[in-house]
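A.B. asks: The structure is given below, and queries will be raised subsequently.
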Amino acid sequence: MLQRAGWLAIARTMKMRFRTTELLNLLASAGLAMGIRPIESAWGDTLKDEAHQLPEVTVYDTAPDQPKNITVIDRKAIENAPGNSLIDLLSREANVNLRSSTGNDKFGGVDIRGMGDTYSSNVLVLVDGVKLNSPDLSGVDFTTLSLEQIERVEIIRGGNGVMYGDGAVGGVINIVTRRGNQTKADLYGNYGSFDTLDSNLNASFKSGSTRASLNAFHNQTHGYRENSFLDKNQATVNLAHSLTQALELQAGFRFHDDRYGLPGPVDYSVINNAQLRRAASTPDGGGKTRDYMGQAGGSMDWGPVGSTVLKWSYRYRDNPYEAANYWSTGDNAVAPWKNTFKFQEVDIRHQLAFNSGPIVQDWTLGYFGRFGSAARNENGQDIPDQSVQKDAEYTNQSGFINTRWSLPIPLVVDAGYRYDRFAMQRQSAALKRMCTYAPVFPYRPLGCENRWLALDDSNNTWQNFAADIGLTWNMTDHLAWYFDYNHSYRNPNAEELVLSAPDLHPQSGNNFETGWRLRFQSGGRLSLALFRMRNDQEIYYDNHVNRNYADATLRQGLEFSGRLMPMDTLSLSGNFGFIDARFENTGLKVPLVPELTGQVSLLWQATTQLSLSVSAEFIGSRSNGANIAPGVDAPKLDAYQRVDLKAFYKLGDAEFFAGINNLFDDFYETTAYGLSFYPMPTRQFYAGLTYTFSSPGN
1 MLQRAGWLAI
11 ARTMKMRFRT
21 TELLNLLASA
31 GLAMGIRPIE
41 SAWGDTLKDE
51 AHQLPEVTVY
61 DTAPDQPKNI
71 TVIDRKAIEN
81 APGNSLIDLL
91 SREANVNLRS
101 STGNDKFGGV
111 DIRGMGDTYS
121 SNVLVLVDGV
131 KLNSPDLSGV
141 DFTTLSLEQI
151 ERVEIIRGGN
161 GVMYGDGAVG
171 GVINIVTRRG
181 NQTKADLYGN
191 YGSFDTLDSN
201 LNASFKSGST
211 RASLNAFHNQ
221 THGYRENSFL
231 DKNQATVNLA
241 HSLTQALELQ
251 AGFRFHDDRY
261 GLPGPVDYSV
271 INNAQLRRAA
281 STPDGGGKTR
291 DYMGQAGGSM
301 DWGPVGSTVL
311 KWSYRYRDNP
321 YEAANYWSTG
331 DNAVAPWKNT
341 FKFQEVDIRH
351 QLAFNSGPIV
361 QDWTLGYFGR
371 FGSAARNENG
381 QDIPDQSVQK
391 DAEYTNQSGF
401 INTRWSLPIP
411 LVVDAGYRYD
421 RFAMQRQSAA
431 LKRMCTYAPV
441 FPYRPLGCEN
451 RWLALDDSNN
461 TWQNFAADIG
471 LTWNMTDHLA
481 WYFDYNHSYR
491 NPNAEELVLS
501 APDLHPQSGN
511 NFETGWRLRF
521 QSGGRLSLAL
531 FRMRNDQEIY
541 YDNHVNRNYA
551 DATLRQGLEF
561 SGRLMPMDTL
571 SLSGNFGFID
581 ARFENTGLKV
591 PLVPELTGQV
601 SLLWQATTQL
611 SLSVSAEFIG
621 SRSNGANIAP
631 GVDAPKLDAY
641 QRVDLKAFYK
651 LGDAEFFAGI
661 NNLFDDFYET
671 TAYGLSFYPM
681 PTRQFYAGLT
691 YTFSSPGN
């Protein structure tokens, strides 16, 4: 094997394939040699559309100039990017890393700033202001989202506990969906490798003071591996009606169902074998999901005393599945399990802005409440001496205040505080075969019955807080420096508690961040962020008992991103991320966190109708998920590189597209425990069409 050079001579441990290295160097050289003027980071909305201004910020959106490292991906950036997966889109950003055990969106997600195996509980995902995170260990179900329904994505790195509360530790992904601002409909469909079919309808309607939107999709795939199929359906409806210019009422409903396979891991010895890595260790594993969510609310503009937004939501999910049966001696045996949860949320926020002499003040006050229950059935519901049932009911309430002061000098001060109270009642029971026997020899059984016996009941109440203070110095019209300190927290979720040690309790963290943002009149920007995150008593997942780490975790790193336009028809963007995530005292690396990541992308408008988009990314090696104690040395996950490309051709109201994911057919994994590795898909092809129907005048 040839020794492969490190990308941009930075990654001392990077080993890259020759073809990928050439492409990365070519893209980077083009930007350095031809960099006439910088433009906006991320994929941006240039070339295929005019510059797009962000809509007015509401109390649920994010001010892009706050003292944090924020990436905004707007609608045109989504359309321009190669690939057809939301997780892939997110994971191309600095220090936002892909995690998956199935090779598709089911049980996949993104880790922000190196949270490792508990990323699903330390990274919040919101959709139109409503948390998508589940109260169990399944985290965020990205199968409930399609790229076609998204208007904008905001990635807010670092602790954000004041504004978003429990679990906003590594970062927050704030997703804003497309709304009915005009009457139109988009039909989308594509077909690709592994017999993947994706169809989507996104329609909107507006008449007078009434708006409505509909998104419906069907997606099915056989999957890269045996028994990695996924078949999902969803419909989402949103309605809004303005009673007056100041008062608007809103309501929405989402229905989702899916069926999926669980292929299980493969042995480390076969991960480089093209055929054996596609095999399933649990060919009969799989499950199905029914997920319903309804919401209602409204907004009121009170004039000089501010505006109020109220949201109420209810969600129910039922997830029966069959996974590996640890009770059986058979290698491929599975046992029935079932997770169910339901909860309702209330979120009220009031925003007020006024001038106090030369100082402009913005204040936001809010209340959040989540009230719900979760249940878990292990090894079936009626198998004596195996079946276990665990239940939990919880109440989480918090209130917060946040303010921003724009001073007469070029300084902006941000500060906030949140108080949180979390109460949990949990109980568990096991199904036992109970027999009575004759009191004399030979002690013959007189009768047997199956009986549920209580294992453990407990009540817990915790009080936590989040705090945030930041400073932004607008050094010039184009250059700004910022500094931020925040204190974050995370409560144990319901499933962690039903599988926990008796003394499991919330974690807390202290985070420092500083950075620079350089903006240009052309709309472009460069940014650099440095951060330090220290978490005490961090909660970690264990197959048997969830516990708090005795050792504090320390994460330090940086993110750099930028974008250049060498010519009017060519744009080049890229980012680099570094994370040193370790246990403070032992020095062990936090498992499953890559130290180095980098990405370069190119968007070329060849003609007014034809465009080409290319993304090349490098993900460094990461420690095995089993390496959480001294003396454990399970094999690491190797570094990998992935190149995706996509071509678009616009013809009237139709746009044809075709693409290739993982162009150079790299083998890679993002999850492994000991010798059990979970392979990701190799090269994939796809092609499709988007057609837009618009009403006259739009």
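Under the UniProt record's numbering, the sequence shown has 357 at position 357, and the numbering climbs by one with no breaks.
Glycine is no exception: its CB is placed at the ideal position from the N, C-alpha and C atoms.
Using the C-alpha atoms, what's the distance from L247 back to T364?
C.D. replies: Looking up residue 364 in the sequence shown gives position 364. Looking up residue 247 in the sequence shown gives position 247. Cα-Cα distance, rounded: 19 Å.
A.B. asks: Let me check understanding here. Comparing Cα to Cα, which of A639, D456, R225 lies closest to E595?
C.D. replies: Reading the sequence shown from its first residue, position 595 is the one you call residue 595. When each option's Cα is compared against that of E595, the closest is A639.
A.B. asks: Return the CA-CA distance between Q386 and A430, expressed in angstroms with no decimal places.
C.D. replies: For the purposes of this step, residue 386 is identified with residue 386 of the sequence shown, where counting begins at 1. For the purposes of this step, residue 430 is identified with residue 430 of the sequence shown, where counting begins at 1. So the two alpha carbons sit approximately 7 Å from each other.
A.B. asks: Please say whether A392 and L558 have beta carbons closer to each other than 8 Å?
C.D. replies: Walking along the sequence shown from the start, residue 558 turns up at place 558. Walking along the sequence shown from the start, residue 392 turns up at place 392. The answer is no: Cβ separation not under 8 Å.
A.B. asks: In its own chain, which residues sit with a C-beta less than 8 Å from the C-beta of P591, not counting the 5 before and 5 after it?
C.D. replies: Indexing the sequence shown from 1 puts residue 591 at position 591. Cβ within range, chain order: G116, D117, R622, S623, N624, G625, A626, N627, I628.
A.B. asks: By Cβ distance below 7 Å, which residues in the same chain neighbour I156 in space, the five residues on each side in sequence not counted?
C.D. replies: Counted from its first residue, the sequence shown places residue 156 at position 156. Within the same chain, I156 has close Cβ partners T62, K68, I70, G171, V172, N174.
A.B. asks: At 3 residues or longer, what runs of the beta strand (DSSP E) sit wholly inside the UniProt domain "TonB-dependent receptor plug" (65–172)?
C.D. replies: Those beta strand (DSSP E) runs which fall completely within the UniProt domain "TonB-dependent receptor plug" (65–172) and span 3+ residues are 70–74, 96–100, 108–112, 123–127, 150–157.
A.B. asks: Going by alpha carbons, who is nearest to G659 out of S676, S611, D653, G674?
C.D. replies: Locating residue 659 in the sequence shown gives position 659, where the first residue counts as 1. The shortest C-alpha separation from G659 is found at S611.
A.B. asks: Does the distance from the CB of R404 to the CB of D362 come in under 8 Å?
C.D. replies: Residue numbering aside, residue 404 sits at position 404 when the sequence shown is read from its first letter. Residue numbering aside, residue 362 sits at position 362 when the sequence shown is read from its first letter. Taking 8 Å as the Cβ cut-off, R404 and D362 qualify as a contacting pair.
A.B. asks: For L407, name the three-state secondary structure that DSSP assigns.
C.D. replies: Taking the sequence shown and counting its residues from 1, the one referred to as residue 407 is at position 407. Three-state result, L407: coil.
A.B. asks: Check the C-beta distance from N84 over to N190 and give it rounded, since I have them as a contact under 8 Å.
C.D. replies: Against the sequence shown, residue 84 aligns to sequence position 84. Against the sequence shown, residue 190 aligns to sequence position 190. Yes, N84 and N190 are in contact; Cβ-Cβ is about 7 Å, under 8 Å.
A.B. asks: Out of curiosity, what's the CA-to-CA distance linking Y678 and N227?
C.D. replies: Sequence index remark: in the sequence shown, residue 678 carries index 678 (1-based). Sequence index remark: in the sequence shown, residue 227 carries index 227 (1-based). Rounded to whole angstroms, Y678 to N227 spans 13 Å at the Cα level.
A.B. asks: Which of the three DSSP states, helix, strand or coil, is assigned to V270?
C.D. replies: Along the sequence shown, read from residue 1 onward, the residue named residue 270 stands at position 270. If DSSP states are grouped into helix, strand and coil, V270 belongs with the helices.
A.B. asks: Would you kindly work out how many angstroms separate the C-alpha atoms of Q149 and P681, rounded to a whole number?
C.D. replies: Position 149 of the sequence shown, counted from the start, is the residue given in the question as residue 149. Position 681 of the sequence shown, counted from the start, is the residue given in the question as residue 681. Cα-Cα distance, rounded: 25 Å.
A.B. asks: How close, in whole Å, do the beta carbons of R334 and D284 come, if the pair is a contact with beta carbons under 8 Å?
C.D. replies: Residue mapping note: residue 334 aligns to position 334 of the sequence shown, counting from 1. Residue mapping note: residue 284 aligns to position 284 of the sequence shown, counting from 1. One point to set straight first is that residue 334 is Val, not Arg, in the sequence displayed. Right, their Cβ atoms sit about 5 Å apart.
A.B. asks: What does the alpha-carbon distance come out to for the pair L411 and G103?
C.D. replies: Counted from its first residue, the sequence shown places residue 411 at position 411. Counted from its first residue, the sequence shown places residue 103 at position 103. Roughly 46 Å between the two C-alpha positions.
A.B. asks: Along the chain, where does the beta strand (DSSP E) containing G369 start, and where does it finish?
C.D. replies: In the sequence shown, the residue the question calls residue 369 occupies position 369. First-last of the beta strand (DSSP E) with G369: 359–378.
A.B. asks: Note down, one range per segment and in chain order, each beta strand (DSSP E) of at least 3 residues found wholly within the stretch 512–586.
C.D. replies: Listed in chain order, the complete beta strand (DSSP E) runs (minimum 3 residues) inside the stretch 512–586 are 525–536, 553–567, 570–583.
A.B. asks: Taking W302 as part of the beta strand (DSSP E), name the residues at either end of that continuous run.
C.D. replies: Counting from one through the sequence shown, the residue named residue 302 turns up at place 302. No beta strand (DSSP E) contains W302, which DSSP labels as neither H nor E.
A.B. asks: Just list the residues that DSSP pairs residue 724 with in beta bridges.
C.D. replies: Residue 724 lies beyond the stretch modelled for the chain, which goes from 1 to 698, so this question has no answer here.
A.B. asks: Under a three-way DSSP split, which group does T58 fall into?
C.D. replies: Counting from one through the sequence shown, the residue named residue 58 turns up at place 58. Any reading at T58 is ruled out, since the residue's pLDDT is 39, under 50, leaving its predicted position unreliable.
A.B. asks: Along the beta strand (DSSP E) that carries K342, what are the first and last residues, could you check?
C.D. replies: For the purposes of this step, residue 342 is taken as residue 342 along the sequence shown, with counting starting at 1. Taken as a continuous stretch (DSSP letters only), the beta strand (DSSP E) holding K342 covers 334–356.
A.B. asks: According to the neighbour-count rule (16 or more other Cβ atoms, all chains shown, within 10 Å of its Cβ), is Q250 buried or exposed?
C.D. replies: For this step, residue 250 is matched to residue 250 along the sequence shown. Result: buried.
A.B. asks: For a minimum of 3 consecutive residues, which ranges assigned as the beta strand (DSSP E) are wholly contained in the stretch 407–450?
C.D. replies: Segments of the beta strand (DSSP E) lying fully in the stretch 407–450: 411–437.
A.B. asks: Measuring only the C-alpha atoms, how far is R444 from R433?
C.D. replies: The sequence position of residue 444 within the sequence shown is 444, counting from 1. The sequence position of residue 433 within the sequence shown is 433, counting from 1. If I take the Cα positions, the gap works out to 16 Å.
A.B. asks: According to DSSP, is L239 helix, strand or coil?
C.D. replies: Stepping through the sequence shown from its first residue, residue 239 is reached at position 239. L239 falls in the strand class under three-state DSSP.
A.B. asks: Considering only C-alpha positions, which residue in the set H505, L230, Y188 is nearest to T144?
C.D. replies: As a first step, residue 144 must be located in the sequence shown, where it is residue number 144. Out of H505, L230, Y188, L230 has the C-alpha closest to the C-alpha of T144.
A.B. asks: Checking 8 Å against the spacing of the C-beta atoms, do R490 and Q463 come in under that value?
C.D. replies: The residue you call residue 490 lines up with position 490 of the sequence shown. The residue you call residue 463 lines up with position 463 of the sequence shown. Contact: no.
A.B. asks: In chain order, which beta strand (DSSP E) runs of at least 3 residues are fully inside the stretch 457–512?
C.D. replies: As far as the stretch 457–512 is concerned, its whole beta strand (DSSP E) runs of at least 3 residues are 479–490.
A.B. asks: Within the chosen definition, does the stretch 261–277 reach the stretch 198–214 through at least 3 CB pairs nearer than 8 Å?
C.D. replies: The stretch 261–277, when compared against the stretch 198–214, does not touch it at the 8 Å Cβ threshold.
A.B. asks: Would you mind sorting Q66 into buried or exposed? The rule is 16 or more other CB atoms within 10 Å of its CB.
C.D. replies: Position 66 of the sequence shown, counted from the first residue, corresponds to residue 66. Buried: at least 16 other Cβ atoms inside 10 Å.
A.B. asks: DSSP on R278, reduced to helix/strand/coil?
C.D. replies: Walking along the sequence shown from the start, residue 278 turns up at place 278. Three-state result, R278: helix.
A.B. asks: Using three-state DSSP, classify T690 as helix, strand or coil.
C.D. replies: For the purposes of this step, residue 690 is taken as the residue at position 690 of the sequence shown. The answer is strand: DSSP assigns T690 an E or B state.
A.B. asks: Is DSSP giving A246 helix, strand or coil here?
C.D. replies: As a position in the sequence shown, residue 246 is number 246, starting the count at 1. It is coil, neither helix nor strand.
A.B. asks: From the DSSP output, which residues share a beta bridge with N174?
C.D. replies: Taking the first residue of the sequence shown as position 1, residue 174 is located at position 174. According to DSSP, N174 bridges with L126, E154.
A.B. asks: Within its chain, find whatever has a CB closer than 8 Å to the CB of S41; leave out the 5 residues flanking it on each side and keep chain order.
C.D. replies: Residue numbering aside, residue 41 sits at position 41 when the sequence shown is read from its first letter. The predicted model places S41 with a pLDDT of 39, which falls under 50 and marks its position as unreliable; any figure quoted below should be read in that light. Cβ neighbours of S41 beyond the five flanking positions: T71, G524, R525, L526, S527, S561, G562, R563, S573, N575.
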